[in-house]
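Novice: Before anything else, here's the structure in question.
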Amino acid sequence: MQQRDKIKPILFSIIKHSSPEELKRQIPRDIVAGIVVAIVALPLSIALGIASGVSPEQGLYTAIVAGFLIAFLGGSRVQISGPTAAFATIVAGIVATDGMDGLIAATIIAGILLILMGLFKLGAVIRFVPFTITTGFTAGIAVTLAIGQLKDFLGLTYPAGTATVETVDKVAALAGNIATVNAQACIVGLVCLAVLFLWPRLVPRVPSSLMALFAGVALVSGLGLDVLTIGDLYAINSGLPEFHLPQLSFALFRDQLANGATIAILAAIESLLSCVVADSMISSHHRANDELVAQGIGNIASVLFGGIPATGAIARTAANVKAGGRTPIAGMVHALVLVAVLAFLMPYAALIPMPAIAAILLHVAYNMCGWRNFAHLCQTASKGAVATLLLTFALTIVFDLVIAIAAGMLITMVLFMKMVSEETEVKGWKYYGDENSEVTHLRELPKSVRVYEINGPMFFGMTERIADISVKDFTRYLIIRMRGVPSLDATGMNALENLYEYCSAHGVSLIFSHVNEQPMKTMRRAGFVDLVGEEHFRTCIDDAIAHARDLLGRDGRGGRPAPPSA
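According to our numbering, the sequence shown is numbered sequentially starting from 263.
The structure is reproduced here in structure tokens:
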């Protein structure tokens, strides 16, 4: 990933550094790729708009506005952005409880957070989200999305006022109304689902989601089936996106802070993961911070023009690459093609049966869940990693993404600190004559000098090991060898101060050997170097031993063998 000082859309760099001949060859390919991606995005955008609790055209508004701006301003050559399954359940929950005004406020907050993340160069931080957490919450979102589609897939009828906001409510509603199943809706849904899974094997170049819509429309219209269609539930609007700024208050923004943070975190993770996948397909490097800024701008513009939150879509990005797209022009063309579809073909969307939409979303959920990765982690990962995976997965389904990610990160940090603390060791040198000594290479060491080595970071997870250091009655000088200590935190510093007090109480002086840069800075800031004495900090173990010997003086005490420095 390239490190750059200023934000600059990658499209501008491509135009600047490409020859006219290169652009002349590539632009036609990008136009074709953009048309192909628009065909892929059309049914998905309609379906995801409905799954998000808004109208079908609002899904297209999102693909048009956010798709164009993020491609134009972004940091990836081939990223395609728009409505995604990851956002569907989150957006539906916000719309159900707080309406479109709440969604607009939450998305504006998310957009501002994304822009700030990009401006403050936080793009690389997303890499620190563990694979177990991303796998867990992605699978959880997929399950939640799938549960939400079963009503339309089965053609169930719910009594007015049935609660269906939370996943638990949806499961209860399904169980309580299963007797209302519509066999004709099930047939349409199963046929569409079969098309979605089998069509790519027969004609991979034609999007299976588009063929599933055609199959559903043909079944319902041709056979006159009693199945709900989009036109039965929504008033289709083929007008272009229009700017709309609702009445937004401070109280509304305050209430939507958590939702805004959720959208921002998910948009950042999903978009940058999609960028990484795209990089591997075209052997390129995305600009993470540029992409975050573009995602922020695109999301704000999307909701102000009637859309919903957007992020990078891996499936549409992959389709772009396979179709020959190599510059952001393909993403911009995809948005313009969808404008034409919205203006001239949107009225025909009223014919699409709801079971077909549900089948498309069930297929999306299946592809999204990553069950192979999930199963592989359960079989091969450590118990702690599996626990993190399962907890994140369960919390995403039962509660929400913020709680799931927060809990997953907390457990991951605790497990990481436990692992690091177990790898950090404090050991004393073995001397000739000590019990169980296996020393074979010996060096003369004064009898009144003992040496302890610390290996690993000194932080609050291992301070009790410092407390285990002890001195013999005859010890005058204790050498602490710290060449294996890369870092020292405040708690580790406190442990060293306690060790100094312990040694002082027993008439023992401390000498430190090979203290690395970061621990030395921490010691100086804490005044510890002045407390111990600058002269007692030596560059290597040999120098430390020689210093101890000089301090002891040659008083005839003799010495005892000790291991050499490694």
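No residue lacks a Cβ here, since even glycine has one placed at the ideal position from N, Cα and C.
Enumerated in chain order, which unbroken segments of the alpha helix (DSSP H) with a length of 4 residues or greater are wholly contained in the stretch 495-562?
Specialist: Within the stretch 495-562, the complete alpha helix (DSSP H) runs of at least 4 residues are 512-517 and 519-544.
Novice: Who are the Cβ neighbours of L460 in its own chain at under 6 Å, not counting the five residues just before and after it?
Specialist: On the sequence shown, position 198 is the one that residue 460 refers to. If we look at L460 and ignore the five residues flanking it on each side, it has no Cβ neighbours.
Novice: From A350 to L310, what distance separates their C-alpha atoms?
Specialist: Working through the sequence shown from its first residue, we reach residue 350 at position 88. Working through the sequence shown from its first residue, we reach residue 310 at position 48. Whole-angstrom Cα-Cα distance: 6 Å.
Novice: Grab the span of the beta strand (DSSP E) containing K709 for me, first residue to last.
Specialist: For the purposes of this step, residue 709 is identified with residue 447 of the sequence shown, where counting begins at 1. Careful: K709 lies outside any beta strand (DSSP E) and carries neither H nor E.
Novice: Candidates H809, E797 and D751: which alpha carbon is nearest A788's?
Specialist: Looking up residue 788 in the sequence shown gives position 526. Of the candidates H809, E797 and D751, the one whose C-alpha sits nearest the C-alpha of A788 is D751.
Novice: Out of curiosity, what's the CA-to-CA distance linking I272 and S470?
Specialist: By 1-based counting over the sequence shown, the position of residue 272 is 10. By 1-based counting over the sequence shown, the position of residue 470 is 208. If I take the Cα positions, the gap works out to 32 Å.
Novice: Using the DSSP secondary-structure output, state which residues sit across from N891 in a beta bridge.
Specialist: Nothing can be reported for residue 891, as the shown portion of the chain is limited to 263 through 828.
Novice: Sort L375, F399, Y323 and G380 by Cα distance to I352 and report the nearest one.
Specialist: As a working mapping, residue 352 is identified with position 90 in the sequence shown. The candidate whose alpha carbon is nearest that of I352 is F399.
Novice: Starting from the N-terminal side, write out each stretch of the alpha helix (DSSP H) that is 4 residues or longer and does not extend beyond the stretch 575-658.
Specialist: Listed in chain order, they are 576-584, 591-606, 616-631 and 633-642.
Novice: Consult DSSP for Y762 and reduce its assignment to one of helix, strand or coil.
Specialist: As a working mapping, residue 762 is identified with position 500 in the sequence shown. Three-state DSSP puts Y762 in a helix.
Novice: Here's a check: name, in chain order, each residue in its chain whose Cβ is nearer than 7 Å to the Cβ of V791, leaving out the five neighbours to either side.
Specialist: As a position in the sequence shown, residue 791 is number 529, starting the count at 1. Contacts found: M785 and F799.
Novice: In chain order, what residues of the same chain have a beta carbon less than 6 Å from the beta carbon of T324, not counting five sequence neighbours either side?
Specialist: The sequence position of residue 324 within the sequence shown is 62, counting from 1. Only G344, P345, S564, G569, I570 and A572 meet the Cβ criterion.
Novice: Near A300, what residues of its chain come up, given a Cβ to Cβ distance below 6 Å and the 5 sequence neighbours on each side ignored?
Specialist: The residue given as residue 300 occupies position 38 in the sequence shown. Within the same chain, A300 has close Cβ partners H596, V599 and L600.
Novice: Between the stretch 603-612 and the stretch 316-335, do at least 3 Cβ pairs fall closer than 8 Å?
Specialist: Short answer: they touch.
Novice: Between the Cα of V450 and the Cα atoms of I366, T419, M616 and I492, which residue gives the shortest distance?
Specialist: Taking the sequence shown and counting its residues from 1, one reaches residue 450 at position 188. The shortest C-alpha separation from V450 is found at M616.
Novice: Anyone know if the C-beta pair for L376 and G558 falls short of 9 Å?
Specialist: Taking the sequence shown and counting its residues from 1, one reaches residue 376 at position 114. Taking the sequence shown and counting its residues from 1, one reaches residue 558 at position 296. In this structure, G558 lies closer than 9 Å to L376 by Cβ.
Novice: Checking contacts by CB at 9 Å: is V387 closer than that to chain B?
Specialist: Considering every chain present, this structure includes no chain B. It has just one protein chain.
Novice: With DSSP collapsed to three states, give me the class of Y739.
Specialist: Here residue 739 is taken as the residue at index 477 of the sequence shown, counted from 1. The answer is strand: DSSP assigns Y739 an E or B state.
Novice: Given a cut-off of 9 Å, decide if P503 and I326 are closer than it, judged by their beta-carbon atoms.
Specialist: As a first step, residue 326 is located in the sequence shown; it is residue number 64 there, counting from the start. As a first step, residue 503 is located in the sequence shown; it is residue number 241 there, counting from the start. Yes; because the gap between Cβ atoms is below 9 Å, this pair is in contact.
Novice: To which residues of the same chain is A757 closer than 6 Å at the C-beta, ignoring the five residues directly before and after it?
Specialist: Position 495 of the sequence shown, counting from 1, holds the residue named residue 757. Within the same chain, A757 has close Cβ partners T725 and I728.
Novice: How would you write the range of the beta strand (DSSP E) that S771 sits in, first residue to last?
Specialist: Taking the first residue of the sequence shown as position 1, residue 771 is located at position 509. Residues S771 to S775.
Novice: Can you determine whether any heavy atom of the ligand NAP sits closer than 8 Å to the C-beta of A513, and answer yes or no?
Specialist: Only the bare structure without any ligand can be found here, which leaves the ligand NAP out of the picture.
Novice: Return the chain-ordered list of same chain residues with a C-beta closer than 6 Å to the C-beta of V794, the five sequence neighbours on each side being excluded.
Specialist: On the sequence shown, residue 794 is found 532 positions in, with the first residue counted as 1. Correct list, in chain order: L772.
Novice: Given a threshold of 16 other Cβ atoms within 10 Å of its Cβ, counted over all protein chains shown, does D292 qualify as buried or as exposed?
Specialist: Along the sequence shown, one-based indexing puts residue 292 at 30. So D292 ends up on the buried side.
Novice: Hey, out of A354, A550 and T394, whose CA is closest to L652's CA?
Specialist: The residue you call residue 652 lines up with position 390 of the sequence shown. Looking at the Cα atoms, T394 is the closest of the given residues.
Novice: With the cut-off set at 9 Å, would you say E759 and G718 are in Cβ contact?
Specialist: Numbered from 1 along the sequence shown, position 497 holds the residue referred to as residue 759. Numbered from 1 along the sequence shown, position 456 holds the residue referred to as residue 718. Contact: no.
Novice: What residue range is occupied by the uninterrupted alpha helix (DSSP H) comprising I370?
Specialist: Position 108 of the sequence shown, counted from the start, is the residue given in the question as residue 370. Its alpha helix (DSSP H) spans residues A347 to L381.
Novice: Whole angstroms are fine: how far does the CA of L657 sit from the CA of H279?
Specialist: Within the sequence shown, residue 279 is the residue found at index 17, counting from 1. Within the sequence shown, residue 657 is the residue found at index 395, counting from 1. Computed Cα separation, rounded: 47 Å.
Novice: With a cut-off of 8 Å on the beta carbons, I'd call V660 and V433 a contact; round off their distance for me.
Specialist: Here residue 660 refers to the residue found at position 398 of the sequence shown. Here residue 433 refers to the residue found at position 171 of the sequence shown. The Cβ separation is near 10 Å, so there is no contact.
Novice: Which whole-angstrom value is the C-beta distance of R743 and H776, which I expect to be below 8 Å?
Specialist: Sequence index remark: in the sequence shown, residue 743 carries index 481 (1-based). Sequence index remark: in the sequence shown, residue 776 carries index 514 (1-based). R743 to H776, Cβ: 6 Å. Contact.
Novice: Give the secondary structure of T396 by DSSP, where H, G and I count as helix, E and B as strand, and everything else as coil.
Specialist: What you label residue 396 is simply residue 134 of the sequence shown in a count that begins at 1. Of the three classes helix, strand and coil, the one that applies to T396 here is helix, per DSSP.
Novice: Exposed or buried, what is G560 when buried is set at 16 or more other beta-carbons lying within 10 Å of its beta-carbon?
Specialist: The residue given as residue 560 occupies position 298 in the sequence shown. The residue in question, G560, is buried, as its Cβ has 16 or more Cβ neighbours within 10 Å.
Novice: I need the DSSP call for G344, collapsed to helix, strand or coil.
Specialist: Mapped onto the sequence shown, residue 344 falls at position 82. Strand, per DSSP.
Novice: As a quick exercise: from E796, Y714, P392 and V555, pick the residue whose alpha carbon is nearest that of G373.
Specialist: Along the sequence shown, one-based indexing puts residue 373 at 111. Out of E796, Y714, P392 and V555, V555 has the C-alpha closest to the C-alpha of G373.
Novice: Please report the straight-line C-alpha distance between Q738 and E797, rounded to a whole angstrom.
Specialist: Taking the sequence shown and counting its residues from 1, one reaches residue 738 at position 476. Taking the sequence shown and counting its residues from 1, one reaches residue 797 at position 535. Per the sequence shown, the amino acid found at residue 738 is Arg instead of Gln. Near 16 Å, if we compare the C-alpha coordinates of E797 and R738.
Novice: On the three-state DSSP scale, how would you describe T725?
Specialist: Indexing the sequence shown from 1 puts residue 725 at position 463. DSSP places T725 in helix when its eight states are reduced to three.
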